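Written below as C-alpha coordinates is the structure these notes are about.
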Amino acid sequence: MSEAKKIKLDSTEKGSQQRKAKHGKAGKRNYYAKVRDNNGTGDGPRDRCIKPGHRGILVTCNGHVRDCVRDSYRILNEYADELYGPVETPRCEDETQPDGGSDEEDISVKLQKEAEAAGKKRNAASFRFQSVESGAMNCLFIQTVLPDPNEIVVKLMRDLSATKKHKSRFILRMLPIQAVCRANLKDIMDVVGRLGDQYFLKEPKTYAIVFNRRLNNDLSRDDVIRELADLITSKNAGNKANLKNPELAVIVEVIKGLCCIGILPEYYPLRKYNVVELVAARDPPSSSATEPAKAKGVKEVGETVNEQPEPEEQIKDAAAGEKAKSPKITTPSDEASG
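One point on numbering: in the UniProt record's numbering, the residue at position 254 of the sequence shown is 254, and numbering is uninterrupted.
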(Lines of atoms letter the chains of each structure in order from A and count residues from 1; the text may use other names and numbers.)
(Lines give C-alpha, C1' and ligand atoms only; values in the text may rest on other atoms or scores of the structure.)
Protein backbone atom coordinates (compact mmCIF):
# COMPACT_ATOMS: atom_id res chain seq x y z
CA MET A 1 0.00 0.00 0.00
CA SER A 2 1.35 3.36 -1.01
CA GLU A 3 2.06 6.14 1.43
CA ALA A 4 -0.65 8.36 -0.05
CA LYS A 5 -3.33 5.69 0.47
CA LYS A 6 -2.27 5.20 4.11
CA ILE A 7 -2.54 8.92 4.78
CA LYS A 8 -5.98 9.01 3.14
CA LEU A 9 -7.25 6.04 5.20
CA ASP A 10 -5.94 7.53 8.43
CA SER A 11 -7.66 10.85 7.76
CA THR A 12 -10.93 9.06 6.89
CA GLU A 13 -10.85 7.03 10.13
CA LYS A 14 -10.15 10.13 12.20
CA GLY A 15 -13.02 11.99 10.55
CA SER A 16 -15.47 9.14 11.17
CA GLN A 17 -14.40 8.89 14.81
CA GLN A 18 -14.90 12.61 15.28
CA ARG A 19 -18.34 12.48 13.69
CA LYS A 20 -19.27 9.48 15.84
CA ALA A 21 -18.11 11.24 18.98
CA LYS A 22 -20.04 14.33 18.01
CA HIS A 23 -23.28 12.70 16.91
CA GLY A 24 -23.15 9.30 18.64
CA LYS A 25 -24.69 8.11 21.91
CA ALA A 26 -22.00 9.73 24.04
CA GLY A 27 -22.59 13.06 22.36
CA LYS A 28 -26.35 12.82 22.90
CA ARG A 29 -25.92 11.91 26.54
CA ASN A 30 -23.60 14.85 27.12
CA TYR A 31 -25.95 17.22 25.31
CA TYR A 32 -29.09 16.19 27.19
CA ALA A 33 -27.23 16.14 30.50
CA LYS A 34 -26.09 19.69 29.87
CA VAL A 35 -29.60 20.82 28.98
CA ARG A 36 -31.03 19.06 32.03
CA ASP A 37 -28.47 20.54 34.42
CA ASN A 38 -28.62 24.04 33.03
CA ASN A 39 -32.33 23.75 32.34
CA GLY A 40 -31.80 25.35 28.97
CA THR A 41 -30.88 28.73 30.45
CA GLY A 42 -27.20 28.45 31.26
CA ASP A 43 -27.81 29.60 34.83
CA GLY A 44 -26.23 26.54 36.41
CA PRO A 45 -27.70 23.24 37.58
CA ARG A 46 -31.19 23.26 39.02
CA ASP A 47 -31.95 21.61 42.36
CA ARG A 48 -33.60 18.27 41.71
CA CYS A 49 -34.21 17.35 45.36
CA ILE A 50 -36.25 18.90 48.11
CA LYS A 51 -34.17 21.14 50.38
CA PRO A 52 -34.65 23.30 53.49
CA GLY A 53 -36.20 26.62 52.59
CA HIS A 54 -38.46 25.25 49.86
CA ARG A 55 -42.22 25.65 49.86
CA GLY A 56 -44.77 24.00 47.63
CA ILE A 57 -47.27 21.16 47.47
CA LEU A 58 -46.74 17.61 48.68
CA VAL A 59 -48.54 15.28 46.27
CA THR A 60 -49.14 11.57 46.80
CA CYS A 61 -50.12 9.16 44.03
CA ASN A 62 -50.80 5.48 43.42
CA GLY A 63 -47.91 4.93 41.06
CA HIS A 64 -47.97 6.52 37.58
CA VAL A 65 -45.57 9.23 38.73
CA ARG A 66 -45.20 10.86 35.32
CA ASP A 67 -48.95 11.17 34.90
CA CYS A 68 -49.25 12.56 38.41
CA VAL A 69 -46.63 15.23 37.71
CA ARG A 70 -48.31 16.17 34.45
CA ASP A 71 -51.75 16.50 36.06
CA SER A 72 -50.29 18.46 38.98
CA TYR A 73 -48.73 20.98 36.61
CA ARG A 74 -51.95 21.31 34.64
CA ILE A 75 -54.22 21.80 37.67
CA LEU A 76 -51.90 24.11 39.59
CA ASN A 77 -51.18 26.32 36.59
CA GLU A 78 -54.90 26.52 35.84
CA TYR A 79 -55.70 27.78 39.35
CA ALA A 80 -52.62 30.00 39.49
CA ASP A 81 -53.71 31.73 36.29
CA GLU A 82 -57.19 32.17 37.76
CA LEU A 83 -55.93 33.63 41.05
CA TYR A 84 -52.88 35.60 39.96
CA GLY A 85 -53.40 35.99 36.22
CA PRO A 86 -51.38 34.43 33.41
CA VAL A 87 -47.64 34.87 33.36
CA GLU A 88 -46.56 37.91 31.39
CA THR A 89 -43.96 36.91 28.84
CA PRO A 90 -41.26 39.51 28.18
CA ARG A 91 -41.15 41.05 24.73
CA CYS A 92 -38.05 41.28 22.63
CA GLU A 93 -37.54 44.97 21.89
CA ASP A 94 -36.05 45.73 18.52
CA GLU A 95 -33.51 48.49 18.87
CA THR A 96 -32.25 49.91 15.62
CA GLN A 97 -28.55 50.42 15.20
CA PRO A 98 -27.11 53.75 14.06
CA ASP A 99 -26.55 54.28 10.36
CA GLY A 100 -22.92 53.28 10.71
CA GLY A 101 -23.73 49.81 12.13
CA SER A 102 -23.29 46.78 9.90
CA ASP A 103 -25.99 44.21 9.06
CA GLU A 104 -23.99 41.47 10.77
CA GLU A 105 -24.00 43.40 14.05
CA ASP A 106 -27.75 43.99 13.77
CA ILE A 107 -28.42 40.28 13.29
CA SER A 108 -26.13 39.22 16.14
CA VAL A 109 -27.69 41.72 18.56
CA LYS A 110 -31.19 40.66 17.56
CA LEU A 111 -30.39 36.97 18.04
CA GLN A 112 -28.86 37.66 21.44
CA LYS A 113 -31.94 39.59 22.57
CA GLU A 114 -34.26 36.85 21.34
CA ALA A 115 -32.24 34.26 23.27
CA GLU A 116 -32.39 36.37 26.44
CA ALA A 117 -36.14 36.89 26.05
CA ALA A 118 -36.66 33.16 25.51
CA GLY A 119 -34.69 32.43 28.67
CA LYS A 120 -36.75 34.93 30.68
CA LYS A 121 -39.96 33.48 29.28
CA ARG A 122 -38.88 29.98 30.29
CA ASN A 123 -37.96 31.16 33.79
CA ALA A 124 -41.26 33.01 34.24
CA ALA A 125 -43.67 30.44 32.86
CA SER A 126 -42.01 27.08 33.43
CA PHE A 127 -40.70 27.66 36.92
CA ARG A 128 -43.87 28.78 38.68
CA PHE A 129 -44.14 25.10 39.66
CA GLN A 130 -41.31 22.58 39.50
CA SER A 131 -41.29 18.94 40.54
CA VAL A 132 -38.40 17.86 42.76
CA GLU A 133 -37.65 14.49 44.31
CA SER A 134 -38.95 14.00 47.83
CA GLY A 135 -37.01 10.82 48.58
CA ALA A 136 -40.10 8.65 49.17
CA MET A 137 -42.00 6.43 46.76
CA ASN A 138 -45.27 7.71 45.32
CA CYS A 139 -44.68 11.05 47.02
CA LEU A 140 -43.86 14.15 44.97
CA PHE A 141 -42.95 17.66 45.96
CA ILE A 142 -44.02 20.45 43.62
CA GLN A 143 -41.86 23.43 44.47
CA THR A 144 -43.42 26.85 43.90
CA VAL A 145 -42.40 30.48 43.91
CA LEU A 146 -45.86 31.59 45.06
CA PRO A 147 -45.80 33.29 48.47
CA ASP A 148 -48.57 31.14 50.00
CA PRO A 149 -49.39 27.68 48.56
CA ASN A 150 -52.37 27.46 50.93
CA GLU A 151 -54.43 29.86 48.84
CA ILE A 152 -54.32 27.87 45.62
CA VAL A 153 -54.75 24.40 47.18
CA VAL A 154 -57.61 25.40 49.49
CA LYS A 155 -59.50 26.90 46.55
CA LEU A 156 -58.93 23.70 44.58
CA MET A 157 -60.23 21.52 47.42
CA ARG A 158 -63.32 23.68 47.93
CA ASP A 159 -64.13 23.49 44.24
CA LEU A 160 -63.76 19.71 44.25
CA SER A 161 -66.01 19.46 47.29
CA ALA A 162 -68.67 21.59 45.60
CA THR A 163 -68.58 20.18 42.06
CA LYS A 164 -67.71 16.51 42.79
CA LYS A 165 -65.85 16.37 39.47
CA HIS A 166 -62.55 14.52 39.07
CA LYS A 167 -59.61 16.52 37.81
CA SER A 168 -57.07 13.68 37.86
CA ARG A 169 -57.09 9.89 38.02
CA PHE A 170 -53.60 9.72 39.48
CA ILE A 171 -53.47 12.27 42.33
CA LEU A 172 -54.50 11.12 45.80
CA ARG A 173 -53.66 14.02 48.14
CA MET A 174 -52.30 17.54 47.76
CA LEU A 175 -50.96 19.13 50.94
CA PRO A 176 -49.75 22.74 50.81
CA ILE A 177 -46.35 23.01 52.49
CA GLN A 178 -45.36 26.45 53.72
CA ALA A 179 -41.83 25.58 54.81
CA VAL A 180 -39.28 22.77 54.65
CA CYS A 181 -36.67 22.34 57.38
CA ARG A 182 -34.34 19.75 58.87
CA ALA A 183 -36.03 16.91 60.72
CA ASN A 184 -34.98 17.88 64.22
CA LEU A 185 -37.01 19.28 67.06
CA LYS A 186 -35.26 22.66 67.19
CA ASP A 187 -35.79 23.49 63.51
CA ILE A 188 -39.39 22.30 63.61
CA MET A 189 -40.11 24.51 66.62
CA ASP A 190 -38.53 27.50 64.90
CA VAL A 191 -40.57 27.07 61.72
CA VAL A 192 -43.89 26.45 63.50
CA GLY A 193 -43.20 29.40 65.80
CA ARG A 194 -42.63 31.67 62.82
CA LEU A 195 -45.67 30.42 60.91
CA GLY A 196 -47.83 30.30 64.04
CA ASP A 197 -47.58 34.05 64.58
CA GLN A 198 -49.86 34.50 61.58
CA TYR A 199 -52.53 32.07 62.81
CA PHE A 200 -52.42 31.63 66.60
CA LEU A 201 -51.23 34.95 68.00
CA LYS A 202 -54.20 37.32 67.69
CA GLU A 203 -57.40 35.30 68.12
CA PRO A 204 -57.87 32.02 69.99
CA LYS A 205 -58.15 29.02 67.71
CA THR A 206 -58.80 25.31 68.01
CA TYR A 207 -56.04 23.19 66.54
CA ALA A 208 -54.83 19.66 65.93
CA ILE A 209 -51.30 18.42 65.26
CA VAL A 210 -51.03 15.83 62.48
CA PHE A 211 -47.69 14.01 62.51
CA ASN A 212 -46.58 11.57 59.83
CA ARG A 213 -43.16 10.23 58.96
CA ARG A 214 -41.58 8.25 56.16
CA LEU A 215 -38.18 6.56 56.23
CA ASN A 216 -37.30 8.14 59.57
CA ASN A 217 -37.14 6.57 63.02
CA ASP A 218 -35.04 9.19 64.81
CA LEU A 219 -37.70 11.80 65.50
CA SER A 220 -40.08 11.05 68.38
CA ARG A 221 -43.75 11.60 67.57
CA ASP A 222 -44.73 12.23 71.20
CA ASP A 223 -41.96 14.78 71.75
CA VAL A 224 -42.90 16.76 68.65
CA ILE A 225 -46.62 16.86 69.48
CA ARG A 226 -46.02 17.80 73.12
CA GLU A 227 -43.57 20.61 72.34
CA LEU A 228 -45.69 22.03 69.53
CA ALA A 229 -48.81 22.01 71.72
CA ASP A 230 -46.95 23.96 74.41
CA LEU A 231 -45.67 26.40 71.79
CA ILE A 232 -49.13 27.07 70.35
CA THR A 233 -50.65 27.52 73.81
CA SER A 234 -47.92 29.98 74.76
CA LYS A 235 -48.87 32.24 71.83
CA ASN A 236 -52.45 32.62 73.07
CA ALA A 237 -53.92 31.08 76.20
CA GLY A 238 -57.24 30.68 74.39
CA ASN A 239 -55.83 28.23 71.85
CA LYS A 240 -57.33 24.81 72.56
CA ALA A 241 -56.70 21.38 71.09
CA ASN A 242 -59.58 19.81 69.19
CA LEU A 243 -58.86 16.50 67.51
CA LYS A 244 -62.27 16.06 65.86
CA ASN A 245 -63.00 19.35 64.12
CA PRO A 246 -60.20 21.89 64.58
CA GLU A 247 -60.13 25.26 62.90
CA LEU A 248 -56.48 24.75 61.97
CA ALA A 249 -54.35 21.64 61.52
CA VAL A 250 -50.57 21.79 61.97
CA ILE A 251 -49.18 19.31 59.43
CA VAL A 252 -45.77 17.78 60.17
CA GLU A 253 -44.64 15.45 57.35
CA VAL A 254 -41.21 13.93 57.94
CA ILE A 255 -39.43 12.40 54.93
CA LYS A 256 -35.97 11.02 55.67
CA GLY A 257 -33.94 13.90 57.09
CA LEU A 258 -36.33 16.70 56.15
CA CYS A 259 -39.63 17.94 57.54
CA CYS A 260 -42.47 19.55 55.55
CA ILE A 261 -44.69 21.87 57.61
CA GLY A 262 -48.00 23.52 56.84
CA ILE A 263 -50.86 25.08 58.82
CA LEU A 264 -54.08 24.22 57.00
CA PRO A 265 -57.71 25.30 57.47
CA GLU A 266 -60.72 22.97 57.17
CA TYR A 267 -58.54 19.89 57.37
CA TYR A 268 -61.25 17.39 58.28
CA PRO A 269 -64.19 19.01 56.42
CA LEU A 270 -62.02 18.87 53.28
CA ARG A 271 -61.30 15.16 53.88
CA LYS A 272 -57.65 15.70 54.84
CA TYR A 273 -57.12 17.25 51.39
CA ASN A 274 -57.73 13.86 49.79
CA VAL A 275 -58.88 14.44 46.23
CA VAL A 276 -60.50 11.02 45.83
CA GLU A 277 -62.51 11.20 49.05
CA LEU A 278 -63.63 14.77 48.35
CA VAL A 279 -65.14 13.80 45.02
CA ALA A 280 -66.69 10.59 46.36
CA ALA A 281 -68.14 12.20 49.52
CA ARG A 282 -71.88 12.78 49.65
CA ASP A 283 -73.71 15.59 51.43
CA PRO A 284 -75.27 14.67 54.81
CA PRO A 285 -79.00 13.79 54.67
CA SER A 286 -81.44 16.64 55.20
CA SER A 287 -83.79 16.94 58.19
CA SER A 288 -86.78 15.86 56.07
CA ALA A 289 -85.07 12.56 55.38
CA THR A 290 -84.73 11.86 59.09
CA GLU A 291 -88.40 12.54 59.95
CA PRO A 292 -89.70 9.08 58.89
CA ALA A 293 -87.13 7.46 61.16
CA LYS A 294 -88.46 9.48 64.06
CA ALA A 295 -92.05 8.38 63.31
CA LYS A 296 -90.99 4.73 63.39
CA GLY A 297 -89.92 4.92 67.01
CA VAL A 298 -86.44 6.42 67.07
CA LYS A 299 -85.83 7.57 70.61
CA GLU A 300 -84.27 10.99 71.06
CA VAL A 301 -82.86 12.72 74.09
CA GLY A 302 -85.64 13.85 76.44
CA GLU A 303 -88.34 12.06 74.42
CA THR A 304 -90.10 8.76 75.10
CA VAL A 305 -91.57 6.79 72.26
CA ASN A 306 -93.58 3.57 72.47
CA GLU A 307 -91.64 0.60 71.18
CA GLN A 308 -94.69 -0.67 69.23
CA PRO A 309 -96.80 2.34 68.22
CA GLU A 310 -100.38 1.78 67.09
CA PRO A 311 -100.91 2.28 63.33
CA GLU A 312 -102.75 5.39 62.24
CA GLU A 313 -105.61 3.43 60.62
CA GLN A 314 -106.28 1.51 63.84
CA ILE A 315 -106.37 4.75 65.81
CA LYS A 316 -108.97 6.23 63.45
CA ASP A 317 -111.12 3.06 63.54
CA ALA A 318 -111.02 2.94 67.34
CA ALA A 319 -112.04 6.59 67.56
CA ALA A 320 -114.95 5.98 65.18
CA GLY A 321 -116.12 2.97 67.23
CA GLU A 322 -116.05 4.90 70.45
CA LYS A 323 -118.07 7.68 68.86
CA ALA A 324 -120.70 5.20 67.65
CA LYS A 325 -121.04 3.56 71.07
CA SER A 326 -121.42 6.82 73.02
CA PRO A 327 -125.14 7.82 73.63
CA LYS A 328 -126.44 10.86 71.87
CA ILE A 329 -127.22 13.71 74.23
CA THR A 330 -130.12 15.93 73.27
CA THR A 331 -130.57 19.49 74.41
CA PRO A 332 -133.82 21.51 74.82
CA SER A 333 -133.00 23.44 71.69
CA ASP A 334 -132.82 20.18 69.74
CA GLU A 335 -136.25 19.08 71.06
CA ALA A 336 -137.77 22.47 70.18
CA SER A 337 -136.44 22.27 66.70
CA GLY A 338 -137.75 18.72 66.37
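Beta carbons: idealized from backbone N, C-alpha and C, even for Gly. It should be emphasised that the depicted structure is a prediction, and the values quoted were computed from it without experimental measurement.
From the options, pick the residue whose C-alpha is nearest to that of residue i; which is it?
{"i": "I209", "options": "A229, R194, S161", "result": "A229"}
{"i": "P149", "options": "C68, L83, M137", "result": "L83"}
{"i": "N236", "options": "D197, D81, E227, C260", "result": "D197"}
{"i": "N245", "options": "Q130, E266, A162", "result": "E266"}
{"i": "R182", "options": "L215, N239, C259", "result": "C259"}
{"i": "H64", "options": "F170, V276, N216, P176", "result": "F170"}
{"i": "R271", "options": "M189, E253, G193, L156", "result": "L156"}
{"i": "L243", "options": "Y79, V59, I225, V276", "result": "I225"}
{"i": "V191", "options": "F200, Y199, V180, L201", "result": "V180"}
{"i": "F200", "options": "V154, H166, Q130, I232", "result": "I232"}
{"i": "N77", "options": "S131, S108, K110", "result": "S131"}
{"i": "K51", "options": "R282, G257, I263", "result": "G257"}
{"i": "N274", "options": "D223, V250, S168, S108", "result": "S168"}
{"i": "E277", "options": "D106, T144, R221, H166", "result": "H166"}
{"i": "residue 343", "options": "R214, D222, V154", "result": "There is simply no residue 343 to check, as the chain begins at 1 and stops at 338 in what is shown."}
{"i": "E133", "options": "S234, E227, G85, V69", "result": "V69"}
{"i": "L195", "options": "A281, E116, G85, V250", "result": "V250"}
{"i": "Y268", "options": "A115, R158, K113", "result": "R158"}
{"i": "R214", "options": "A136, G85, Q112, V109", "result": "A136"}
{"i": "G193", "options": "T144, S234, Y207, S220", "result": "S234"}
{"i": "T144", "options": "A281, R282, I57", "result": "I57"}
Can you tell me where the alpha helix (DSSP H) with residue i in it begins and where it stops?
{"i": "E253", "result": "No alpha helix (DSSP H) holds E253; the beta strand (DSSP E) holding it covers 248 to 255."}
{"i": "P149", "result": "149 to 163"}
{"i": "G196", "result": "185 to 199"}
{"i": "C68", "result": "65 to 84"}
{"i": "R226", "result": "221 to 235"}
{"i": "L278", "result": "275 to 280"}
Take the Cβ of residue i as the centre, count every other Cβ of all protein chains shown within 10 Å, and call the residue buried at 16 or more, exposed below.
{"i": "R48", "result": "exposed"}
{"i": "E203", "result": "exposed"}
{"i": "R55", "result": "buried"}
{"i": "N217", "result": "exposed"}
{"i": "L175", "result": "buried"}
{"i": "N239", "result": "buried"}
{"i": "T163", "result": "exposed"}
{"i": "K205", "result": "buried"}
{"i": "I75", "result": "buried"}
{"i": "I107", "result": "exposed"}
{"i": "E291", "result": "Confidence in E291 is poor, its pLDDT being 45 and thus under 50, which makes the residue's placement too unreliable to answer from."}
{"i": "R66", "result": "exposed"}
Residue j and residue i - do their beta-carbons sit closer together than 8 Å?
{"i": "Q160", "j": "V279", "result": "It should be pointed out that residue 160 corresponds to Leu in this sequence rather than to Gln. Yes. Within cutoff."}
{"i": "S72", "j": "I142", "result": "yes"}
{"i": "V252", "j": "I188", "result": "yes"}
{"i": "I261", "j": "L248", "result": "no"}
{"i": "L140", "j": "V59", "result": "yes"}
{"i": "L146", "j": "A80", "result": "yes"}
{"i": "N62", "j": "N138", "result": "yes"}
{"i": "R128", "j": "V154", "result": "no"}
Can you pull the DSSP bridge partners for residue i?
{"i": "F141", "result": "L58, V132"}
{"i": "R214", "result": "I255"}
{"i": "P265", "result": "L248"}
{"i": "L175", "result": "L58"}
{"i": "I208", "result": "For the sequence presented, residue 208 should be read as Ala rather than Ile. In the DSSP output, where bridge partners are listed per residue, A208 has A249."}
{"i": "K240", "result": "T206"}
Starting from residue i, trace the beta strand (DSSP E) both ways and give me its first and last residue.
{"i": "A179", "result": "179 to 182"}
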